[in-house]
Amino acid sequence: MAGAGKSTFVQRINSYLHSKEPSSPPYILNLDPAVTSTPFEANIDIRDTVNYHEVMKQYNLGPNGGILTALNLFTTKFDQVLSLVEKRAETVDYVILDTPGQIEIFTWSASGAIITDAVASSLPTVVAYIIDTPRTTAPATFMSNMLYACSILYKTKLPFILVFNKTDAQSHDFALEWMHDFEAFQAALASHRGTTDDEGEPTYMNSLMNSMSLVLDEFYKHLTAVGVSSMTGAGIKEFFDAVEASRTEYENEYLPELARARAAREETLQATKQDSINRMMKDLEIDRAMNPEAAARDRWDPEAEDEDEDTEINIIDRSTSCFLGGLMTNAPDCMRR
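Be aware that the sequence shown starts at 1, since it is given in UniProt numbering, and climbs by one per residue.
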């Protein structure tokens, strides 16, 4: 969520990885076009590609619309980004993406889905959902965060870690208790102000949260939760332990499901192609039966001279070959000519 301390958290885990022995610097991508400055040095920054303020001005957009449009424009070049990331993945242990804080802009947009699916299909991927712990002490806010987490988990279908941030200001023990003990959450909900109306009856919001807590009780069993402080660094090691466990989950659960989805998609594509071919052949047979003279006249004669010359066309790599009409390169063969 916005203001939960995502960028500060990225800075803290970046610092942690640099301080390890041996040092293991991550490869960092900043995908927030509206941020003024980042507390870390990004290897790839969306602001280098898209000017957020110019997008707002040119398309007459508000702040959220500007972020979404900037992200859409950046996604059109994400194949190049992914190529760079895949090359660097051979030499780094972690690739970190810092996304916009507005959940609906990234999670529920086409560009966000494209970026997530592209990365997840190439590299082991874990989603870390950062929660502002001091702002989650109210049962209603806690339930809102859990609903957000649930929606992201089922949208991405990736290994998922709940990161309760700012534990230096507020311990996350209460949240873990509410997740693991349904009755503890019910008691907190009953004792919170505004849970009953003037006649002492439970309010609509109270009833709704009671029902949602029952629904999410099963959901909590599949969640990994850690508490960290981006300010002091407490809990960062436990976070990376959870990341390693999630990597195993990715390899054992997500990858097989991805392979099955690809196989099903390929099977459907082949069936569609075969159906199109069958319909075309059937139409040709009908045409031959209705007009045999035209069919005989249009039949291809293998002995006839082909008017088209079989000219081989090669793809030219401008970075390694001498490209006529282009800029002079430093390739040795080109320089000799």
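Ideal Cβ placement from N, Cα and C applies to all residues, glycine included.
Give me the residue from the options with the minimum Cα distance to residue i.
i, options, result
"Gln80", "Ala118, Pro25 and Glu257", "Ala118"
"Val215", "Tyr254, Ala234, Met179 and Tyr59", "Met179"
"Thr167", "Leu123, Arg135, Val85 and Glu183", "Arg135"
"His53", "Gly66, Thr76 and Glu218", "Gly66"
"Val127", "Asp98, Ala289 and Leu147", "Asp98"
"residue 426", "Gln270, Ala34 and Phe182", "This structure does not reach residue 426, given that the chain is present from 1 up to 337, and the question cannot be answered."
"Asp132", "Gln170, Asn43 and Phe219", "Gln170"
"Ile96", "Ala42, Ala110 and Pro139", "Ala42"
"Asp93", "Cys150, Glu177, Gly233 and Phe240", "Phe240"
"Ile13", "Ala289, Ala234 and Asn252", "Ala234"
"Met205", "Leu258, Ala184, Thr141 and Gly112", "Thr141"
"Gln11", "Thr232, Glu257 and Lys57", "Thr232"
"Asp173", "Glu238, Thr137 and Pro256", "Thr137"
"Leu258", "Lys237, Thr156, Asp217 and Ile152", "Thr156"
"Tyr16", "Leu269, Lys237 and Lys87", "Lys237"
Any idea if residue i is buried or exposed, counting beta-carbon neighbours within 10 angstroms, 16 or more meaning buried?
i, result
"Asp32", "buried"
"residue 408", "Outside the modelled stretch of the chain, which goes from 1 to 337, sits residue 408, for which no answer is possible."
"Ser83", "exposed"
"Ala261", "exposed"
"Thr91", "exposed"
"Ile130", "buried"
"Pro292", "exposed"
"His18", "exposed"
"Phe9", "buried"
"Ser213", "buried"
"Pro100", "buried"
"Ser191", "exposed"
"Ala263", "exposed"
"Ile277", "exposed"
"Ala120", "buried"
"Tyr254", "buried"
"Ser211", "exposed"
"residue 347", "Past the boundaries of the shown model lies residue 347; the chain is included only from 1 to 337, so the question cannot be answered."
"Thr116", "buried"
"Ser207", "exposed"
"Thr107", "buried"
"Lys20", "exposed"
"Ser24", "exposed"
"Asn145", "buried"
Just to confirm, is the Cβ distance from residue i to residue j under 7 Å?
i, j, result
"Asn165", "Ser230", "yes"
"Leu223", "Leu162", "yes"
"Ala242", "Val228", "no"
"Tyr250", "Pro124", "yes"
"Ile103", "Tyr148", "yes"
"Ile44", "Thr75", "no"
"Pro139", "Leu189", "yes"
"Cys150", "Phe219", "yes"
"Thr36", "Asn30", "no"
"Met209", "Met280", "no"
"Phe182", "Asp217", "yes"
Going by DSSP, which residues form a beta bridge with residue i?
i, result
"Asn30", "Asp45 and Asp98"
"Val127", "Phe160"
"Asn165", "Asp132"
"Thr224", "Ile161"
When the Cβ atoms of the stretch 52-72 are set against those of the stretch 2-19, are three or more pairs found closer than 8 Å?
-> The answer is no - the stretch 2-19 does not touch the stretch 52-72, with fewer than three Cβ pairs under 8 Å.
Notebook entry, point to check: Does the stretch 41-49 come within contact of the stretch 66-75, defined as at least 3 CB pairs closer than 8 Å?
Noted result: Contact check between the stretch 41-49 and the stretch 66-75: three or more CB pairs, one atom from each, fall below 8 Å, which counts as touching.
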